[in-house]
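Visitor: After the structure tokens below, expect a handful of questions from me.
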Amino acid sequence: MINNLIIVESPAKAKTIEKFLGKDYHVSSSMGHIRDLEKKDFGIDIKDNFKPRYIVPEDKKKIVSELKKLVGESKTVWLASDEDREGEAIAWHLSEVLKLDSSRTRRIVFHEITKEAILDAIKNYRTIDHNLVDAQQARRILDRIVGFEISPILWRKIKPSLSAGRVQSVAVRLIVEREREINDFVSTSSFKITGRFIVKDKNGKISELEAELSKKFATKKEALDFLNKCAKAKFTIKDISTKPSKKSPSPPFTTSTLQQEASRKLGYSVSQTMMIAQKLYESGKITYMRTDSVNLSQLALNSASKIITSEFGKDYLNIKAYKTKTKGAQEAHEAIRPTYLDKDTIQGNNSEKKLYELIWKRTIASQMSDAQLEKTSITIDISGSEERFIASGEVLKFDGFLKVYFESTDDEQEDEKQGLLPPLNIGELLQYKTIDAVERFTHYPPRYTEASLVRKLEELGIGRPSTYAPTISTIQNRGYVLKTDKAGKARDYTVLNLTNEKVTESKKSELYGSEKSKLFPDNIGMIVNDFLVEYFTEILDYNFTANVEKEFDEIASGNRNWTEMISGFYKKFHPTVESTLKKSEPNKGERILGKDPATGKPVIVKMGRYGAVAQIGENATDEKSEKPRFASLRKGQNLESITLEEALELFKLPRSLGMFEEAEMVVGIGKFGPYVRHKSAFYSLKKGVDDPYLIESDRAIELIREKREIEKNKVIKEYKEEPGLKVLNGRWGPYISFNKENYKIPKNVDPAALKLEDCMNIIKNSSDKKKPKKK
DNA sequence: CAGTGAGCGAGCTTCCGCTTGACTT
Numbered sequence: 006m007i008n009n010l011i012i013v014e015s016p017a018k019a020k021t022i023e024k025f026l027g028k029d030y031h032v033s034s035s036m037g038h039i040r041d042l043e044k045k046d047f048g049i050d051i052k053d054n055f056k057p058r059y060i061v062p063e064d065k066k067k068i069v070s071e072l073k074k075l076v077g078e079s080k081t082v083w084l085a086s087d088e089d090r091e092g093e094a095i096a097w098h099l100s101e102v103l104k105l106d107s108s109r110t111r112r113i114v115f116h117e118i119t120k121e122a123i124l125d126a127i128k129n130y131r132t133i134d135h136n137l138v139d140a141q142q143a144r145r146i147l148d149r150i151v152g153f154e155i156s157p158i159l160w161r162k163i164k165p166s167l168s169a170g171r172v173q174s175v176a177v178r179l180i181v182e183r184e185r186e187i188n189d190f191v192s193t194s195s196f197k198i199t200g201r202f203i204v205k206d207k208n209g210k211i212s213e214l215e216a217e218l219s220k221k222f223a224t225k226k227e228a229l230d231f232l233n234k235c236a237k238a239k240f241t242i243k244d245i246s247t248k249p250s251k252k253s254p255s256p257p258f259t260t261s262t263l264q265q266e267a268s269r270k271l272g273y274s275v276s277q278t279m280m281i282a283q284k285l286y287e288s289g290k291i292t293y294m295r296t297d298s299v300n301l302s303q304l305a306l307n308s309a310s311k312i313i314t315s316e317f318g319k320d321y322l323n324i325k326a327y328k329t330k331t332k333g334a335q336e337a338h339e340a341i342r343p344t345y346l347d348k349d350t351i352q353g354n355n356s357e358k359k360l361y362e363l364i365w366k367r368t369i370a371s372q373m374s375d376a377q378l379e380k381t382s383i384t385i386d387i388s389g390s391e392e393r394f395i396a397s398g399e400v401l402k403f404d405g406f407l408k409v410y411f412e413s414t415d416d417e418q419e420d421e422k423q424g425l426l427p428p429l430n431i432g433e434l435l436q437y438k439t440i441d442a443v444e445r446f447t448h449y450p451p452r453y454t455e456a457s458l459v460r461k462l463e464e465l466g467i468g469r470p471s472t473y474a475p476t477i478s479t480i481q482n483r484g485y486v487l488k489t490d491k492a493g494k495a496r497d498y499t500v501l502n503l504t505n506e507k508v509t510e511s512k513k514s515e516l517y518g519s520e521k522s523k524l525f526p527d528n529i530g531m532i533v534n535d536f537l538v539e540y541f542t543e544i545l546d547y548n549f550t551a552n553v554e555k556e557f558d559e560i561a562s563g564n565r566n567w568t569e570m571i572s573g574f575y576k577k578f579h580p581t582v583e584s585t586l587k588k589s590e591p592n593k594g595e596r597i598l599g600k601d602p603a604t605g606k607p608v609i610v611k612m613g614r615y616g617a618v619a620q621i622g623e624n625a626t627d628e629k630s631e632k633p634r635f636a637s638l639r640k641g642q643n644l645e646s647i648t649l650e651e652a653l654e655l656f657k658l659p660r661s662l663g664m665f666e667e668a669e670m671v672v673g674i675g676k677f678g679p680y681v682r683h684k685s686a687f688y689s690l691k692k693g694v695d696d697p698y699l700i701e702s703d704r705a706i707e708l709i710r711e712k713r714e715i716e717k718n719k720v721i722k723e724y725k726e727e728p729g730l731k732v733l734n735g736r737w738g739p740y741i742s743f744n745k746e747n748y749k750i751p752k753n754v755d756p757a758a759l760k761l762e763d764c765m766n767i768i769k770n771s772s773d774k775k776k777p778k779k780k
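Just so you know, the first sequence maps onto residues 6 to 780 in the working numbering.
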């Protein structure tokens, strides 16, 4: 018999809690939700006042039956799911599915996993808050209605298997609109003036002072005029001012800020970060990684206080509580922090270590003092001109938290600041060494990275810590959005230089606009987005989630009935679904780019059955008329921005490279990039080395021979008796291939020594475990 | 799984938010 059964959401949490409590308690976990709306037939009886049809999904049946068994053996059941809307619903579903008797069921909540917090929670038990549960049901049902009524419209009007939803569709919209901002952006240039002045100190020691003109000039002529004016001008120190300033540490990590910093500092994708954090959490090294709270437990604060004092001294200590600014934050957990702050490093693989150290530094820094700075600004007058040069410098007086942590920014081109400025006096005359006027261009707004998209979504209150990573994956899996790099372009700019009273002009070249791992909308994403924005304007509104959240809050506080709220929404929403099905036609994005110079026929781009396509010539009207030529657009090329030249390029491939071994070699670009085809085999071109438009036959033959060499070494063993069986060398080392299925070879086995029956044994042993493959 | 671009039709796809497996060809 178990006296007390505590049910929490996560098994790692269960393990930790069990350690705190005595033998009287058994702690088990539900692994999140145990029930959900049925997937087939919508799962909601609209006519029966939106009655939800809940089922236990296949993968949760085992957990439920285990919990049922435990409940049968227990005196008191404590439902300890998280203290938020979803957690309350989990507690309620548990009580329903496990048929818990209210007389021996208690609901408890705690925000920190400490013995005190748990014992305190147990003392202050309550019953399930049904208003909060209803708010969750409203949220769940609204999302189901939106997702399952709009998605089928997309299947019929645009393409099968597409999807729409309250969160993902807005995420795509952000990316599409940013792309259009970039396409519409017109870069302008102006001239930035920088002067270098010679400064002599009392001992005759010479140093330099760099100063910037407060004004930029729009044209080269204005810049030139100014430099000419400077040639013989006098430069006088007009003013020197010194101001103290400070920098404060950032709050401890939440899911979203961890994803952003891990992306900026360590280059991890959002899902990589979450997978590594999960490992750290499961091995007890950090607190829970899906959280929107910046709060640290008293225990953590005490520990931070001790460490900072002993490592850095009392001056560095500044214990404080941070408040969340995030819209709709539910704060059921602590911030993400090391479980044991006295460990500044851990055992584990490299990426785990790096992420842990990042978390450790951020947590410690959050409880350290502000950095104290001194900013100096020197104003320099120019005789015969209204303009002024300003030299500014920044000196760190006290490093404070910067001793351990410096937060990065997304800003790619940050100005470097000068440090200490040379000692100068007001009225002092300065001699210039050089004065430059450099042409600078305005830059379009940056494309989103995975992490900066998460930050934007969080800012809008859309999505939750547990869904950021999956949402980012979904919009990529649907083909709406593409994560890729973009090569920079070269651009000339003008530099005017004044030295020794003479101005010279020169041209320089720079690379601009190169981007790494940025999110680009694909054509289908743009078409779906435009369709949704046109017909489902309200759902696609950036404030839609914030608006419905207000209504969920009213339900949670007991001031509103959930079915009334949903019914109100449905009355407006469903007629839109009906009318959209009837009248709407998606825009195929068709554009006429111009005429093909070779044939004079029109060049068109549009969305075809297999994706975006360019076409030369009109569609055939009858059997005799000539058929148009087609070429697929490449990844990252948009229907609305592709130029005639780029479209014509597409028709240059595939092209023949001549004969080799009595067969033609053809170069083209396929799904996996550029390739050479020869005798119906494909040979990939080397990324960054070969260009499909330029490659010649010699190099193609080289590639073919290279791959053949690898193929030759691929086969370790073959068996006469079993032609379908081979031992092969693969990307991950040796493996067994049998009738197109692959099998792992156990570690301690020498692959070259495998006999036929050994292979068969390995195959037999692993075949039981084989699960249906996912796409 | 790299080429295609006719047309028909059955059966399928899809949401968000909790959680962790099982799995790398």
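Note that beta-carbon positions come from the ideal geometry of N, C-alpha and C, so glycine has one too.
#1: Decide if Phe190 is buried, meaning its Cβ has at least 16 other Cβ atoms within 10 Å, or exposed.
#2: Taking contact to mean at least 3 C-beta pairs separated by less than 8 Å, is the stretch 299-318 in contact with the stretch 481-497?
#3: Could you say which of Leu346, Lys330 and Lys359 lies nearest to Gly466 if we only look at CA atoms?
#4: State the start and end residues of the unbroken alpha helix (DSSP H) segment that holds Ser572.
#5: Consult DSSP for Glu412 and reduce its assignment to one of helix, strand or coil.
#6: Out of Lys588, Ile150 and Pro450, which one is the CA nearest neighbour of Glu182?
#7: If you follow the alpha helix (DSSP H) that His31 is in, where does it begin and where does it stop?
#8: Are the stretch 353-364 and the stretch 306-319 touching by the rule of at least three beta carbon pairs closer than 8 Å?
#9: I need the boundaries of the alpha helix (DSSP H) containing Asp703, first residue and last residue.
#10: Given a cut-off of 8 Å, decide if Pro428 and Leu214 are closer than it, judged by their beta-carbon atoms.
#11: Pairing CB atoms from the stretch 94-114 with CB atoms from the stretch 536-553, are three or more of them under 8 Å?
#12: Could you check if Pro580 is buried or exposed, using at least 16 other CB atoms within 10 Å of its CB as the buried criterion?
#13: Does the separation of the CB atoms of Leu179 and Leu458 fall below 8 Å?
#14: Please say whether Leu733 and Tyr724 have beta carbons closer to each other than 8 Å?
#15: Cutting at 6 Å between CB atoms, please list the residues of its own chain near Ala617, excluding the five before and the five after it.
#16: Which word fits Ile383, buried or exposed, when buried means at least 16 other C-beta atoms lie within 10 angstroms of its C-beta?
#17: Express the C-alpha separation of Glu399 and Lys237 in angstroms, rounding to a whole number.
#18: I'd like the span of the alpha helix (DSSP H) that includes Asp244, first residue to last.
#19: What first and last residue would you give for the alpha helix (DSSP H) that runs through Val608?
#20: Would you mind working out which of Ser274, Met765, Asn323 and Lys722 sits nearest Pro756, comparing C-alpha positions?
#21: Entirely within the stretch 106-188 and at least 4 residues each: give me those alpha helix (DSSP H) ranges in chain order.
#22: Let's see if you can read the secondary structure: which residues bound the alpha helix (DSSP H) around Asp535?
#23: For Lys587, which residues in the same chain have their Cβ closer than 6 Å to its Cβ, ignoring the five residues on either side in sequence?
#24: Under a three-way DSSP split, which group does Lys207 fall into?
#25: Give me whichever residues DSSP pairs with Tyr688 in a beta bridge.
#26: Grab the span of the alpha helix (DSSP H) containing Asp230 for me, first residue to last.
#27: What are the residues that DSSP puts in a beta bridge with Pro256?
#28: Assign Asn624 to buried or exposed, taking buried as 16 or more other Cβ atoms, counted over all protein chains shown, within 10 Å of its Cβ.
#29: Please determine, among Ser108, Pro591 and Arg682, the residue with the shortest C-alpha to C-alpha distance to Ile158.
#30: Name the DSSP bridge partner or partners of Trp83?
#31: From the DSSP output, in three-state form, read off Phe446 for me.
#32: Is the beta carbon of Ala228 sitting closer than 8 Å to the one on Ala442?
#33: Cβ atoms of Ile39 and Lys99: under 8 Å apart, would you say?
#34: For Glu43, I'd like the list of residues in its chain whose CB is within less than 8 Å of its CB, leaving aside the five on either flank, ordered along the chain.
#35: Tell me whether Met664 sits in a helix, a strand or coil according to DSSP, three-state version.
#36: Glu520 and Asp490: beta carbons closer than 8 Å?
Guide: Quick look at the numbers:
#1: Taking the first sequence and counting its residues from 1, the one referred to as residue 190 is at position 185. By the neighbour-count definition (other C-beta atoms within 10 Å, threshold 16), Phe190 is an exposed residue.
#2: With a cut-off of 8 Å, the stretch 481-497 and the stretch 299-318 do not count as touching, because too few Cβ pairs lie within range.
#3: Translated into positions along the first sequence, residue 466 becomes position 461. For the residues Leu346, Lys330 and Lys359, the minimum Cα distance to Gly466 belongs to Lys330.
#4: For the purposes of this step, residue 572 is taken as the residue at position 567 of the first sequence. Note, Ser572: alpha helix (DSSP H), Trp567 to Lys588.
#5: The residue labelled residue 412 in the question sits at position 407 within the first sequence. Note: Glu412 maps to coil in three-state DSSP.
#6: Along the first sequence, one-based indexing puts residue 182 at 177. Put simply, of Lys588, Ile150 and Pro450 the residue whose alpha carbon is nearest the alpha carbon of Glu182 is Pro450.
#7: Counted from its first residue, the first sequence places residue 31 at position 26. Taken as a continuous stretch (DSSP letters only), His31 belongs to no alpha helix (DSSP H), being part of the beta strand (DSSP E) at Tyr30 to Ser34.
#8: No: fewer than three Cβ pairs fall under 8 Å.
#9: By 1-based counting over the first sequence, the position of residue 703 is 698. It spans Ser702 to Lys719 - the alpha helix (DSSP H) in which Asp703 sits, taken as one unbroken run.
#10: Position 209 of the first sequence, counted from the start, is the residue given in the question as residue 214. Position 423 of the first sequence, counted from the start, is the residue given in the question as residue 428. Not a contact, by the Cβ cut-off of 8 Å.
#11: Judged by Cβ distances under 8 Å, the stretch 94-114 makes no contact with the stretch 536-553, as fewer than three pairs qualify.
#12: On the first sequence, residue 580 is found 575 positions in, with the first residue counted as 1. Exposed is the call here.
#13: By one-based count along the first sequence, residue 179 stands at place 174. By one-based count along the first sequence, residue 458 stands at place 453. Yes. Within cutoff.
#14: For the purposes of this step, residue 724 is taken as the residue at position 719 of the first sequence. For the purposes of this step, residue 733 is taken as the residue at position 728 of the first sequence. In this structure, the beta-carbon distance from Tyr724 to Leu733 does not fall below 8 Å.
#15: Locating residue 617 in the first sequence gives position 612, where the first residue counts as 1. Excluding residues within five positions, the ones whose Cβ falls inside 6 Å are Asn528, Leu638 and Leu644.
#16: Here residue 383 corresponds to residue number 378 of the first sequence, with the count starting at 1. Buried: at least 16 other Cβ atoms inside 10 Å.
#17: The count along the first sequence starts at 1 and reaches residue 237 at position 232. The count along the first sequence starts at 1 and reaches residue 399 at position 394. Computed Cα separation, rounded: 30 Å.
#18: Here the question's residue 244 lines up with position 239 in the first sequence. For Asp244, no alpha helix (DSSP H) segment is defined; the enclosing uninterrupted segment is the beta strand (DSSP E) at Phe240 to Lys252.
#19: Residue 608 sits at position 603 when you count from the first residue of the first sequence. Looking at the DSSP string, Val608 is not in any alpha helix (DSSP H); the run it does join, the beta strand (DSSP E), is Pro607 to Gly613.
#20: Residue 756 sits at position 751 when you count from the first residue of the first sequence. When only C-alpha atoms are compared, the closest one is Lys722.
#21: Counting only runs of 4 or more, we get 120-128 and 135-162.
#22: Here the question's residue 535 lines up with position 530 in the first sequence. Note, Asp535: alpha helix (DSSP H), Asn528 to Tyr540.
#23: On the first sequence, position 582 is the one that residue 587 refers to. Within the same chain, no Cβ atom closer than 6 Å to the Cβ of Lys587 is found once the five residues on either side in sequence are excluded.
#24: Residue numbering aside, residue 207 sits at position 202 when the first sequence is read from its first letter. Residue state for Lys207 is assigned as coil, using DSSP reduced to three classes.
#25: By one-based count along the first sequence, residue 688 stands at place 683. Its beta-bridge partners are Val681.
#26: Position 225 of the first sequence, counted from the first residue, corresponds to residue 230. From DSSP, the alpha helix (DSSP H) with Asp230 extends over Lys225 to Ala236.
#27: Working through the first sequence from its first residue, we reach residue 256 at position 251. Answer is none; Pro256 lacks a bridge partner.
#28: On the first sequence, residue 624 is found 619 positions in, with the first residue counted as 1. The residue in question, Asn624, is exposed, as its Cβ has fewer than 16 Cβ neighbours within 10 Å.
#29: As a working note, residue 158 is residue 153 in the first sequence. Residue nearest to Ile158 within the set Ser108, Pro591 and Arg682 is Pro591 (criterion: CA-CA distance).
#30: Locating residue 83 in the first sequence gives position 78, where the first residue counts as 1. Beta-bridge pairing links Trp83 to Ile11 and Arg111.
#31: Translated into positions along the first sequence, residue 446 becomes position 441. If DSSP states are grouped into helix, strand and coil, Phe446 belongs with the strands.
#32: Position 223 of the first sequence, counted from the start, is the residue given in the question as residue 228. Position 437 of the first sequence, counted from the start, is the residue given in the question as residue 442. Contact check for Ala228 against Ala442 passes: the beta carbons are separated by less than 8 Å.
#33: Counted from its first residue, the first sequence places residue 99 at position 94. Counted from its first residue, the first sequence places residue 39 at position 34. Going by the sequence as given, residue 99 is Leu instead of Lys. Yes; because the gap between Cβ atoms is below 8 Å, this pair is in contact.
#34: Reading the first sequence from its first residue, position 38 is the one you call residue 43. Excluding residues within five positions, the ones whose Cβ falls inside 8 Å are Arg58, Tyr59 and Ile60.
#35: Within the first sequence, numbered from 1, the residue matching residue 664 stands at position 659. Of the three classes helix, strand and coil, the one that applies to Met664 here is strand, per DSSP.
#36: Residue mapping note: residue 520 aligns to position 515 of the first sequence, counting from 1. Residue mapping note: residue 490 aligns to position 485 of the first sequence, counting from 1. The answer is yes: Cβ separation under 8 Å.
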